[in-house]
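Trainee: When you number the sequence shown by full-length UniProt numbering, it's gap-free, plus one each residue, and the end is 153.
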Amino acid sequence: MAEGRVVGFIHSGITVKNLESALDFYVNILGFELLSTQVANSDYIFDIVEIPGLKEIKIAFVQIPGGHVLELLEYVGIDTYSASSRSCDYGTGHICLMVENLEEMFKELKAKGVQFKSKKVANISAGANKGSKAVYMLDPDGYIIELMEKKLS
């Protein structure tokens, strides 16, 4: 009998307050590709998440340039609460996006009303990403997104 093991990566997911608002941000502002949407209300979904009172989950899959798939989930029919917290608090996560022209992108996104945790673009001066630049921003639900411009080799 074969042992179970990890053989790859499929997607990562973020719970959102409102799927339409999240899609506007990820597709229209960040330029991700909308792959599909669905409403999950079959028995299997309730078996997976085990949340009493849940009526359905509105789901969208978007693709980040480069291939990674991000699942956006809106839980319907139950009380939900923000998980927004400080980036240092355990249980918090973030995604990091590779970008070009970070300084210009930072200005453009701020002009569009995107909220940032970082006051300015940071120049990374140590570690594995030395010579790169990065900022932390927030999606409409407070999830942290790191934008990084990698140093050209």
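Note that the Cβ used here is the ideal one computed from N, Cα and C, for glycine as well.
Considering just the uninterrupted stretch of the alpha helix (DSSP H) at residue 108, what are its terminal residues?
Mentor: Taking the first residue of the sequence shown as 1, we reach residue 108 at position 108. Segment 102-111, the alpha helix (DSSP H) holding residue 108.
Trainee: Given a threshold of 16 other Cβ atoms within 10 Å of its Cβ, counted over all protein chains shown, does residue 151 qualify as buried or as exposed?
Mentor: Looking up residue 151 in the sequence shown gives position 151. Exposed is the call here.
Trainee: So, at 6 Å on beta carbons, what are the nonlocal neighbours of residue 141 in its own chain, with the 5 sequence-adjacent residues on each side left out?
Mentor: For the purposes of this step, residue 141 is taken as residue 141 along the sequence shown, with counting starting at 1. Taken in chain order, the residues that qualify are 16 and 17.
Trainee: Can you round the beta-carbon distance between residue 98 and residue 148 to whole angstroms, since I take them to be within the 8 Å contact cut?
Mentor: The residue you call residue 98 lines up with position 98 of the sequence shown. The residue you call residue 148 lines up with position 148 of the sequence shown. Confirmed, about 6 Å.
Trainee: From residue 48 to residue 138, what does the alpha carbon distance come to, in whole angstroms?
Mentor: As a position in the sequence shown, residue 48 is number 48, starting the count at 1. As a position in the sequence shown, residue 138 is number 138, starting the count at 1. Taking the straight line from one Cα to the other gives about 28 Å.
Trainee: Along the chain, where does the alpha helix (DSSP H) containing residue 20 start, and where does it finish?
Mentor: Translated into positions along the sequence shown, residue 20 becomes position 20. 19-23 is the extent of the alpha helix (DSSP H) around residue 20.
Trainee: Going straight from the alpha carbon of residue 134 to that of residue 2, what length do you get?
Mentor: As a first step, residue 134 is located in the sequence shown; it is residue number 134 there, counting from the start. As a first step, residue 2 is located in the sequence shown; it is residue number 2 there, counting from the start. Approximately 43 Å, taken between the alpha carbons.
Trainee: Roughly how many whole angstroms lie between the Cα atoms of residue 40 and residue 33?
Mentor: Here the question's residue 40 lines up with position 40 in the sequence shown. Here the question's residue 33 lines up with position 33 in the sequence shown. Roughly 21 Å separates the two Cα atoms.
Trainee: Is residue 136 near residue 118, with beta carbons less than 8 Å apart?
Mentor: In the sequence shown, the residue the question calls residue 136 occupies position 136. In the sequence shown, the residue the question calls residue 118 occupies position 118. Yes, the Cβ-Cβ distance between residue 136 and residue 118 is below 8 Å.
Trainee: Going by beta carbon distance, what residues of the same chain come within less than 8 Å of residue 156, once the five residues before and after it are set aside?
Mentor: Residue 156 lies beyond the range of the chain shown here (1 to 153); nothing can be said about it.
Trainee: Hey, out of 69, 77 and 115, whose CA is closest to residue 58's CA?
Mentor: Your numbering for residue 58 matches position 58 in the sequence shown. Among 69, 77 and 115, the Cα nearest to that of residue 58 is on 77.
Trainee: Go ahead and label residue 10 buried or exposed: buried means 16 or more other beta carbons lie within 10 angstroms of its beta carbon, across all protein chains shown.
Mentor: Here the question's residue 10 lines up with position 10 in the sequence shown. Counting Cβ neighbours within 10 Å, residue 10 comes out exposed, since fewer than 16 surround it.
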